[in-house]
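> Residue numbers (our numbering), protein chains in the order written: chain A, 1 to 249; chain B, 1 to 249.
There are 2 protein chains.
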Amino acid sequence: MSQSLDRALTLVGELATGPKTLDELSNVIEVHKSTTMRLLRTLESHRFVQREGVHHYRLGTALFDLANRALEERDVRRSAENALRELNTRTGYTVHLASYEDGEVIYIDKYDSTHPMRMYSRIGRRAPLHCTAVAKVLLCELPEPRRREVAHSIDYVPLTANTITSPEAYLAELDRVRSAGYAVDNAEHEDFIHCIAAPIRGARNEVVAAVSMSVPKVLLDFDGLLALQPDLLATARAASVECGWSPRE
Amino acid sequence: MSQSLDRALTLVGELATGPKTLDELSNVIEVHKSTTMRLLRTLESHRFVQREGVHHYRLGTALFDLANRALEERDVRRSAENALRELNTRTGYTVHLASYEDGEVIYIDKYDSTHPMRMYSRIGRRAPLHCTAVAKVLLCELPEPRRREVAHSIDYVPLTANTITSPEAYLAELDRVRSAGYAVDNAEHEDFIHCIAAPIRGARNEVVAAVSMSVPKVLLDFDGLLALQPDLLATARAASVECGWSPRE
DNA sequence: ATAGCCGTTGCATTATACGCAACGTAAGGA
DNA sequence: TCCTTACGTTGCGTATAATGCAACGGCTAT
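1. Taking DSSP as the reference, what is the three-state secondary structure of leucine 220 of chain B?
2. Counting only Cβ-Cβ distances shorter than 8 Å, please list the residues of the stretch 27-49 of chain B near chain A, keeping chain order.
3. Just by C-beta distance, which residues in the stretch 228-249 of chain B are closer than 7 Å to chain A?
4. Please report how far the alpha carbon of lysine 20 of chain A lies from the alpha carbon of cysteine 243 of chain A, in whole angstroms.
5. Hey, is the stretch 145-163 of chain B in contact with the stretch 183-195 of chain B, meaning 3+ C-beta pairs nearer than 8 Å?
6. Closest to cysteine 140 of chain B by C-alpha separation, out of B:Ile108, B:Val177 and B:Tyr111, would be which residue?
7. Check the Cβ-Cβ distances between aspartate 6 of chain A and every residue of chain B, and say whether any is below 8 Å.
8. Beta-carbon within less than 7 Å of arginine 126 of chain B's beta-carbon, same chain only, minus the 5 sequence neighbours each way: which residues are those?
9. Are the stretch 230-247 of chain B and the stretch 166-173 of chain B touching by the rule of at least three beta carbon pairs closer than 8 Å?
10. What's the call for arginine 7 of chain B, buried or exposed, on a 16-neighbour Cβ count within 10 Å?
11. Hey, is threonine 21 of chain B's beta-carbon within less than 8 Å of any beta-carbon in chain A?
12. Give me the subset of the stretch 66-92 of chain B whose CB atoms are less than 7 Å from a CB atom of chain A, sorted by chain position.
13. Specify the secondary structure class of threonine 132 of chain A as computed by DSSP and reduced to three states.
14. Using DSSP with H/G/I as helix, E/B as strand and the rest coil, what is glutamate 249 of chain B?
15. Counting pairs of beta carbons, one from the stretch 39-47 of chain A and one from the stretch 11-26 of chain A, are three or more of them closer than 8 Å?
16. Below 7 Å CB to CB, which residues in the same chain sit around valine 54 of chain B once its five sequence neighbours on both sides are set aside?
17. Exposed or buried, what is arginine 146 of chain B when buried is set at 16 or more other beta-carbons lying within 10 Å of its beta-carbon?
18. Nearest to alanine 227 of chain A by alpha carbon, out of A:Ala210, A:Pro199 and A:Tyr182?
19. Give me the residue from B:Asp221, B:Leu232 and B:Ser246 with the minimum Cα distance to arginine 85 of chain B.
20. How close, in whole Å, do the beta carbons of alanine 211 of chain B and alanine 198 of chain B come, if the pair is a contact with beta carbons under 8 Å?
21. I'd like to confirm the pairing. Which residues does DSSP put opposite aspartate 191 of chain B in its beta bridges?
22. What span of residues does the beta strand (DSSP E) with glutamate 141 of chain A cover, start to end?
23. Along the chain, which unbroken stretches of the beta strand (DSSP E) at least 3 residues long are found entirely within the stretch 17-100 of chain A?
24. If the cut is a Cβ gap below 8 Å, which residues of chain A does arginine 204 of chain B touch?
25. Residues of chain B with a CB under 7 Å from the CB of leucine 63 of chain A: which are they?
26. For a test of the three-state rule: what should DSSP assign to glutamate 104 of chain B, helix, strand or coil?
27. Would you call the CB atoms of valine 76 of chain B and valine 208 of chain B closer than 8 Å?
28. Who are the near neighbours of leucine 22 of chain A in its chain, counting only those whose CB is closer than 8 Å to its CB and skipping five residues on each side?
29. Excluding the 5 residues flanking glutamate 249 of chain B on each side, which residues of the same chain have their C-beta closer than 6 Å to its C-beta?
30. Can you tell me whether valine 150 of chain B is helix, strand or coil according to DSSP?
31. Among all the DSSP beta bridges, which residues are the ones paired with valine 211 of chain B?
32. Identify the contact partners of methionine 1 of chain A in chain B, using a Cβ-Cβ distance below 7 Å as the criterion.
33. Label glutamine 3 of chain A either buried or exposed according to how many other C-beta atoms from any shown protein chain fall within 10 Å of its C-beta, with 16 as the threshold for buried.
34. Looking at C-alpha atoms only, which residue of B:Glu144, B:Ile164 and B:Arg51 is the closest neighbour of leucine 129 of chain B?
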């Protein structure tokens with residue numbers, strides 16, 4: 001809509017691939033070099049680009065500033081919103097967003113199932129650590145001593161036949177989750193429901209939240225649940241990007 | 001120089017302080033809201049901003065992309081150049097830039113002393129690990145096991161009366177450097193020269209390089225050398241910012 | 001139901017971004 | 001040393017694109 005701004009932003013995008021000269025940049029946006037120079041000067045005054053030597057321009061430090069400040073401003077809930085809603089409408093299953101704060105796993109957002117059979121849960125509610133997929137995801141990358149500490153402090157109340165009931169079994173489960181990249185709750189919390197969860201990561205590759213899908217066993221058997229994994233991981237990835245995460249080599 | 005671009009960049013800067021409404025943004029750049037909207041739309045098409053709800057705009061994910069790609073493009077040498085040259089011309093002492101690669105500490109840049117008495121060194125040369133300030137800085141934040149490994153693999157050739165000659169003494173020295181935030185070489189390498197070095201950090205707060213000043217003892221006594229510390233740390237900080245580092249709380 | 005608040009759209013106007021051409025400067029070769 | 005070439009830079013007239021205005025439309029709340 002705004003020509004000069006559009007051109008300038010194109011320049012910035014171009015510079016992301018490496019330092020460029022005035023002429024190279026002029027060719028990209030197809031304008032006279034004097035026009036390019038004016039744009040670059042303005043960008044330079046805002047520290048979006050900076051000169052490198054005499055013949056080259058490169059991205060400036062304002063980008064670092066902005067990216068860092070944008071990260072501070074962002075909260076997972078708003079950032080993950082679109083990806084989670086999309087997953088919810090596409091699959092129709094209940095989607096939860098949970099985070100780990102002050103030693104507790106909390107549900108911070110929820111997208112209800114469109115199927116008639118719903119499950120009970122509530123935003124703000126605490127999730128039991130030993131029998132939910134989200135808790136496994138959120139805990140599995142804690143530093144090892146801290147993980148042991150947490151595992152031993154849990155009260156392993158057995159809720160179903162599948163509930164994990166010992167620190168040792170739980171720590172082994174966390175190891176599995178960490179290497180698999182996702183977690184399941186195979187009817188460990190409630191007899192008739194199973195869940196699958198994946199991590200949402202931030203700019204430092206740290207786990208900032210967990211997204212899960214909860215499905216009544218009557219709608220989908222365990223293999224069916226596992227088949228949701230690629231879809232769930234793609235969603236988690238999209239949400240991660242919104243949180244400042246970028247793929248590592 | 002380009003009015004609309006200037007306004008747009010101002011908007012981006014403003015959004016860094018948190019999500020804003022159309023009117024708030026219009027007030028900042030003092031234009032009609034329709035003008036602001038056109039700018040925002042263009043910014044949005046490049047993913048520099050995105051809508052949050054219906055009434056708010058916030059910074060978009062392009063910033064993360066750009067910042068990450070800019071970081072990959074940057075190399076320490078070019079990024080630190082200005083800060084180091086400035087330090088060199090202001091103090092007149094020899095300034096070195098060194099990095100740790102493949103188990104070796106290498107001088108990657110050098111700004112010669114303006115004083116008549118110069119020291120011998122060369123870009124590309126390997127710095128001995130046990131008796132240089134830059135090596136201490138570059139090694140002091142390695143993970144503990146790796147640090148022990150390196151310390152025990154060093155050949156502690158005694159070069160002066162002050163040279164550190166045992167792994168134990170060296171590891172203790174690294175601990176001191178880590179907590180102090182800078183390192184010295186108190187004539188441990190050559191009898192008549194002492195150095196002080198500080199870390200240059202990157203976006204993940206990791207040490208990407210070390211900057212040092214080397215001063216002949218006849219020009220400055222040890223207390224004089226230590227008095228250069230604030231100046232050196234400020235320089236290292238400035239160079240760090242250029243490398244994508246941002247102050248942590 | 002109605003009023004008030006925003007965001008949005010179309011249009012006329014003129015400010016402004018643009019291309020042009022001349023100039024300046026630095027590097028390279030004869 | 002001087003000339004050539006290849007850049008970046010500057011000033012200026014013009015046409016276009018950015019702007020402000022005013023009317024419209026979709027909310028929400030009372």
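Glycine residues also receive a C-beta, built at the ideal position from the N, C-alpha and C atoms.
In brief:
1. As a first step, residue 220 of chain B must be located in the second sequence, where it is residue number 220. Leucine 220 of chain B: coil per DSSP, three-state reduction.
2. Within the stretch 27-49 of chain B, those residues whose Cβ lies closer than 8 Å to any Cβ of chain A are, in chain order, Arg38, Leu39, Arg41, Thr42, Leu43, Ser45, His46 and Phe48.
3. Here the close residues are Val241, Glu242, Gly244 and Ser246.
4. Here residue 20 of chain A refers to the residue found at position 20 of the first sequence. Here residue 243 of chain A refers to the residue found at position 243 of the first sequence. Whole-angstrom Cα-Cα distance: 30 Å.
5. Judged by Cβ distances under 8 Å, the stretch 145-163 of chain B makes contact with the stretch 183-195 of chain B, as three or more pairs qualify.
6. Residue 140 of chain B sits at position 140 when you count from the first residue of the second sequence. Ranked by how close their Cα comes to the Cα of cysteine 140 of chain B, the residues B:Ile108, B:Val177 and B:Tyr111 have B:Val177 in first place.
7. Position 6 of the first sequence, counted from the first residue, corresponds to residue 6 of chain A. True, the Cβ-Cβ gap to chain B drops below 8 Å.
8. Counted from its first residue, the second sequence places residue 126 of chain B at position 126. The residues Glu104, Val105 and Ile106, in chain order, have a CB closer than 7 Å to that of arginine 126 of chain B in the same chain once the five nearest residues on each side in sequence are set aside.
9. No: fewer than three Cβ pairs fall under 8 Å.
10. Locating residue 7 of chain B in the second sequence gives position 7, counting from the first residue. Result: buried.
11. On the second sequence, position 21 is the one that residue 21 of chain B refers to. Not closer than 8 Å to any Cβ of chain A, the Cβ of threonine 21 of chain B fails to qualify, so no.
12. Interface annotation for the stretch 66-92 of chain B against chain A: Leu66, Ala67, Asn68, Arg69, Ala70, Glu73 and Arg78, criterion Cβ-Cβ distance under 7 Å.
13. Translated into positions along the first sequence, residue 132 of chain A becomes position 132. If DSSP states are grouped into helix, strand and coil, threonine 132 of chain A belongs with coil.
14. On the second sequence, residue 249 of chain B is found 249 positions in, with the first residue counted as 1. Per-residue confidence for glutamate 249 of chain B stands at a pLDDT of 48, beneath the threshold of 50, marking its modelled position as unreliable; no derived number is given.
15. Touching, yes.
16. Start at 1 with the first residue of the second sequence, and residue 54 of chain B comes out as number 54. Closer than 7 Å at the Cβ level, and outside the excluded window around valine 54 of chain B, lies no residue.
17. Here the question's residue 146 of chain B lines up with position 146 in the second sequence. The residue in question, arginine 146 of chain B, is exposed, as its Cβ has fewer than 16 Cβ neighbours within 10 Å.
18. In the first sequence, the residue the question calls residue 227 of chain A occupies position 227. Of the candidates A:Ala210, A:Pro199 and A:Tyr182, the one whose C-alpha sits nearest the C-alpha of alanine 227 of chain A is A:Tyr182.
19. The residue labelled residue 85 of chain B in the question sits at position 85 within the second sequence. When only C-alpha atoms are compared, the closest one is B:Leu232.
20. Sequence index remark: in the second sequence, residue 211 of chain B carries index 211 (1-based). Sequence index remark: in the second sequence, residue 198 of chain B carries index 198 (1-based). According to the sequence provided, residue 211 of chain B is valine. The question's alanine does not apply to it. The Cβ separation is near 6 Å, so the contact holds.
21. For the purposes of this step, residue 191 of chain B is taken as the residue at position 191 of the second sequence. Partner(s): none; aspartate 191 of chain B has no beta bridge.
22. Working through the first sequence from its first residue, we reach residue 141 of chain A at position 141. From DSSP, glutamate 141 of chain A is part of no beta strand (DSSP E); its letter is neither H nor E.
23. Listed in chain order, they are 49-52 and 56-59.
24. Indexing the second sequence from 1 puts residue 204 of chain B at position 204. Against arginine 204 of chain B, the close residues of chain A are Arg204, in the order they occur along the chain (beta-carbon pairs closer than 8 Å).
25. On the first sequence, position 63 is the one that residue 63 of chain A refers to. For leucine 63 of chain A, the C-beta contacts it makes with chain B under 7 Å involve Leu63, Leu66, Ala67 and Ala70, in order along the chain.
26. Translated into positions along the second sequence, residue 104 of chain B becomes position 104. In the three-state reduction of the DSSP assignment, glutamate 104 of chain B falls in the strand class.
27. Residue numbering aside, residue 76 of chain B sits at position 76 when the second sequence is read from its first letter. Residue numbering aside, residue 208 of chain B sits at position 208 when the second sequence is read from its first letter. A contact, by the Cβ cut-off of 8 Å.
28. For this step, residue 22 of chain A is matched to residue 22 along the first sequence. Cβ neighbours of leucine 22 of chain A beyond the five flanking positions: Lys33, Thr36, Met37, Leu40, His55 and Tyr57.
29. For the purposes of this step, residue 249 of chain B is identified with residue 249 of the second sequence, where counting begins at 1. For glutamate 249 of chain B, the pLDDT reaches just 48, beneath the cut-off of 50, and the residue's location in the model is therefore unreliable, although a value from the coordinates is still provided. There are no such residues.
30. As a position in the second sequence, residue 150 of chain B is number 150, starting the count at 1. Helix, per DSSP.
31. For the purposes of this step, residue 211 of chain B is identified with residue 211 of the second sequence, where counting begins at 1. DSSP lists B:Leu97 and B:Ala198 as partners of valine 211 of chain B.
32. Your numbering for residue 1 of chain A matches position 1 in the first sequence. Neighbours of methionine 1 of chain A in chain B, taken as residues at a C-beta separation under 7 Å, are given in chain order as Arg38, Arg41 and Thr42.
33. The residue labelled residue 3 of chain A in the question sits at position 3 within the first sequence. Classification of glutamine 3 of chain A: exposed, given that the 10 Å Cβ count is below 16.
34. What you label residue 129 of chain B is simply residue 129 of the second sequence in a count that begins at 1. When each option's Cα is compared against that of leucine 129 of chain B, the closest is B:Ile164.
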